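Undergrad:
In my numbering, the protein residues as written are 76 to 366.
#1: Are the beta-carbon atoms belonging to residue 275 and residue 138 less than 9 Å from one another?
#2: Could you pull out every residue in the same chain whose Cβ sits closer than 7 Å to the Cβ of residue 313, ignoring the five residues on either side in sequence?
#3: Following a CB-centred definition, is residue 309 positioned closer than 8 Å to any heavy atom of the ligand NAD?
#4: Check the C-beta distance from residue 337 over to residue 307 and give it rounded, since I have them as a contact under 8 Å.
#5: What is the DSSP secondary structure of residue 172, counted as helix, strand or coil?
#6: Out of 106, 115, 315, which has the shortest C-alpha to C-alpha gap to residue 239?
#7: Exposed or buried, which one is residue 165 when buried takes at least 16 other CB atoms within 10 Å?
#8: What residue does the beta strand (DSSP E) around residue 132 start on, and which one ends it?
#9: Please report the straight-line C-alpha distance between residue 335 and residue 328, rounded to a whole angstrom.
#10: Contact between the region 190-197 and the region 281-290: three or more CB pairs below 8 Å?
#11: Assign residue 231 to buried or exposed, taking buried as 16 or more other Cβ atoms, counted over all protein chains shown, within 10 Å of its Cβ.
#12: Enumerated in chain order, which unbroken segments of the beta strand (DSSP E) with a length of 3 residues or greater are wholly contained in the region 93-134?
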């Protein structure tokens with residue numbers, strides 16, 4: 076469980092102590108998406124251990140937006156940390172493709188396995204680390220965390236909140252400190268919608284097309300999601316203050332229809348992280364996933 080302490084500097088001191096205590100010559104393999112949390116963990120591990128004892132591993136699949144991989148590679152290079160990009164095969168796992176509320180369990184199982192195997196080609200002793208933070212651990216529905224825990228991955232950021240990670244990242248001069256949350260593309264598909272490479276790429280194309288529209292309008296949009304609801308229906312989520320303008324612009328709907336969606340709406344509630352989990356209260360981890 077996360078610590079009850081709130082002093083960020085004390086928590087950072089503890090983080091460095093934990094990382095520095097990792098036995099030599101163990102290699103720290105960071106499951107690295109390039110997001111704020113995993114980027115901060117990568118930076119912290121390289122500071123505590125030295126870049127030669129750390130490796131960033133990004134599992135590459137159709138669920139990772141290509142632009143995210145490019146930015147992740149640039150950040151790791153800036154730290155002087157090795158960056159591995161092995162392919163992962165979530166789409167070969169029936170439980171992932173079926174897209175039940177346990178999808179993230181199957182995905183994270185694949186990812187942690189891929190990270191460990193890739194890092195093990197560099198060193199005999201490997202510890203896999205994830206960027207799971209204190210806020211993540213308080214969320215009700217996080218089957219991916221269950222999977223990572225089962226496979227022995229550790230969570231050095233478990234006592235730091237997202238806000239504390241962002242503030243520490245800002246103080247360290249990391250350009251990821253204010254990066255918007257960017258979950259994998261599979262998180263855009265409503266539960267029960269079969270996960271395929273085509274479906275993931277369609278969502279990615281829709282979001283890219285919308286960003287082009289927004290840029291042409293001069294609209295600053297921090298958060299954007301195109302949710303695939305099934306049967307070629309899509310729901311657009313953007314920052315709440317931007318909703319009226321987005322909903323009133325025909326080019327927005329046209330851009331999403333152009334990639335293959337036929338029914339397109341703009342959510343009047345605006346962007347909500349994990350909005351597709353709304354109906355899962357009381358079913359945090361399905362029975363097949365005991366904690």
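Glycine residues also receive a C-beta, built at the ideal position from the N, C-alpha and C atoms.
The model shown is predicted, which means the values in this text are computed figures rather than measured ones.
TA: Per the coordinate set shown:
#1: Translated into the one-based positions of the chain shown, residue 275 becomes position 200. Translated into the one-based positions of the chain shown, residue 138 becomes position 63. Yes, Cβ-Cβ distance for residue 275 and residue 138 is below 9 Å.
#2: One-based indexing of the chain shown puts residue 313 at position 238. Cβ neighbours of residue 313 beyond the five flanking positions: 296, 298, 299, 321, 345, 346.
#3: You won't find the ligand NAD in this model; it holds no ligand whatsoever.
#4: To locate residue 337, count along the chain shown from 1; it is residue 262. To locate residue 307, count along the chain shown from 1; it is residue 232. About 4 Å separates the beta carbon of residue 337 from that of residue 307, a gap short enough to meet the 8 Å contact definition.
#5: Along the chain shown, read from residue 1 onward, the residue named residue 172 stands at position 97. The answer is helix: DSSP assigns residue 172 an H, G or I state.
#6: Here residue 239 is taken as the residue at index 164 of the chain shown, counted from 1. Taking only the C-alpha atoms, the option nearest residue 239 is 115.
#7: Counting from one through the chain shown, the residue named residue 165 turns up at place 90. So residue 165 ends up on the buried side.
#8: The residue given as residue 132 occupies position 57 in the chain shown. Segment 129-132, the beta strand (DSSP E) holding residue 132.
#9: In the chain shown, residue 335 corresponds to position 260, counting from 1. In the chain shown, residue 328 corresponds to position 253, counting from 1. In a straight line, the C-alpha of residue 335 is about 11 Å away from that of residue 328.
#10: No, they do not touch.
#11: Numbered from 1 along the chain shown, position 156 holds the residue referred to as residue 231. Per the 10 Å Cβ criterion, buried.
#12: Taking 3 residues as the minimum length, the beta strand (DSSP E) runs contained wholly in the region 93-134 are 102-106, 129-132, in order along the chain.
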